[in-house]
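Protein sequences appear in the order of chains A and B. Each residue of the first sequence is one higher than the one before, starting from 1 at the first, in our numbering. Each residue of the second sequence is one higher than the one before, starting from 217 at the first, in our numbering. Working notes for the structure below.
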Amino acid sequence: MKKHDNQARDELIKGIWRDNPVFVQVLGMCPMLAVTNSAVNAVAMGSATFFVLVGSSFLVSSFRNWIPKQVRISCFIIIIATFVTVADYTLLALVPAVHKELGAFIPLIVVNCMILGRQEAFSSRHPVRLAVLDAVGMAGGFMLALLSLGAVREILGEGALFGVHLFGANFEPWVIMILPPGGFLTLGVILLFFNWFKVKKDEFLAEVASVERSES
Amino acid sequence: MGEFLWIFISALLVNNFVLTYFLGLCPFLGVSGSLDTSVRLGMATTFVMLVTAVCAWVLNTYVLTHAPYLRLICFIVVIASTVQFIEMLIKKLSPALFRAMGIFLPLITTNCAILGLAIFATNRGYGFVEGIVYALGAGIGFTLALVLLAGLREESELSNIPKLIQGTAMNLIIAGILSMAFMGFAGLFSTA
């Protein structure tokens, strides 16, 4: 039982940092860059993706023994498309302004490779409980990535966060950051930071290993 | 005629799918390693986009007027199966053409640029000819962006680059600079 709990916790946490879908696996880039010109859009996109990923993971995992291997990808896509349609109409009803701003990118959640990737790699092979935990973790990681990118771009590009101005009237907005090039540049710099972190970690581990070897 | 030209140039340069709308980034970052591959991928994508435009028009005109909420599912299923069918046809009829772009066809089908094209064309209410022109512009624009990045990446392989920045980080920053360059086209046409 103890081991079981550890595994469940692992599945939940890995998506947020170690296997973060955006920063580490570099999946789901299109919505990532397109809608992160403000923090509010990032949250809306993140919640829609969260709903779709958790819902379709639950369904795929429940039906995993009935879906024939040969047509599994088509089945996954139809399940995902159904949830995306639900999310699309829900957003249209609840927050029409945000829906208008996100525009075509809500339907495009269907082709987010991260979602299909999770179904193929995880949900179709694991029981419902683990699949949902994994989906929650991955979607959380995705949301975190969206939010950090959106926040950086909104602060630099408009001097605001969630629409609240931070710096007063003298701030000269760095307009390029909320335009398309800013998305590429910000994500490039964040990935650079992750590379740096990984290199440092590898160096540290190698150092620890060499110390241990000399001691023994 | 002028209107068609505008649709074409707009999809090709001003609203380039990759550099302005961020569509089709996975192949853009993944397959842009060599110039030759990226030209063939670009050709295949342009072709699939043309097929998509036709499918989307047929679906919108004859099927989806009764059930708009099925749009997404319909688009995906119909586009994927049409492309699959054409792939088999090419394999049978012209092995040379199949070798040139066939292997990419199934990959492209679930690409966001393809679905994005269908959705944009629907949202703007494009007719049949407008849709085809739009698809042509978007496809060639995609090829253009892909070839530019592949050329830059081939150059960069010969130069001395710090280990930290190699890989996706560098590609994204290159793409950012390309995107900035494409912003210059925004003033090309005065009517928005």
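The beta-carbon is built from N, C-alpha and C at its ideal position, and this holds for glycine as well.
- Out of Gly55(A), Leu187(A), Ala206(A), Ser216(A), the CA that lies nearest to the CA of Val22(A) is found in Leu187(A).
- Apart from the 5 residues on each side of it in sequence, Met138(A) sits with its Cβ closer than 6 Å to the Cβ of Gly15, Pro21, Arg118 in its chain, given in chain order.
- Between Gly332(B) and chain A, the shortest Cβ-Cβ separation is below 8 Å.
- Contact of Cys271(B) with chain A is not assigned, every C-beta pair being separated by 8 Å or more.
- Setting aside the 5 residues that flank it on each side, Ser47(A) is surrounded in the same chain by Met143, each with a C-beta closer than 8 Å to its C-beta; the list follows chain order.
- With a cutoff of 8 Å on beta-carbon distance, Phe233(B) and Gly343(B) are scored as not near each other.
- Across the structure, Phe238(B) and Gly341(B) are spaced so that their CA atoms are roughly 22 Å apart.
- Residues of the region 329–359 of chain B whose Cβ lies closer than 7 Å to any Cβ of chain A, in chain order: Leu331, Gly332, Ile335, Phe336, Asn339.
- Counting only Cβ-Cβ distances below 8 Å, Ile377(B) has no contacts in chain A at all, with the closest Cβ about 12 Å away.
- The region 114–129 of chain A makes contact with the region 39–54 of chain A: 3 or more CB pairs, one atom from each, lie closer than 8 Å.
- Using a CB distance below 9 Å, the part of the region 195–207 of chain A facing chain B consists of Asn195, Trp196, Val199, ordered along the chain.
- Listed by position along chain A, the residues whose Cβ is nearer than 7 Å to that of Thr384(B) are Val26, Leu191.
- Under the rule that a run must span 4 or more residues, the alpha helix (DSSP H) segments found entirely inside the region 295–379 of chain B read 311–317, 321–325, 328–339, 344–374.
- The Cβ-Cβ distance between Val40(A) and Val98(A) falls below 8 Å.
- Residue range 113–121 is occupied by the alpha helix (DSSP H) that includes Glu120(A).
- For the set Pro180(A), Ser57(A), Asp134(A), His126(A), the Cα lying nearest the Cα of Asn37(A) is the one of Pro180(A).
- By a beta-carbon distance limit of 8 Å, Ala42(A) contacts Leu149(A). Their separation comes to about 7 Å.
- Boundaries of the alpha helix (DSSP H) around Ser254(B): 251–274.
- DSSP links His165(A) through a beta bridge to Ala160(A).
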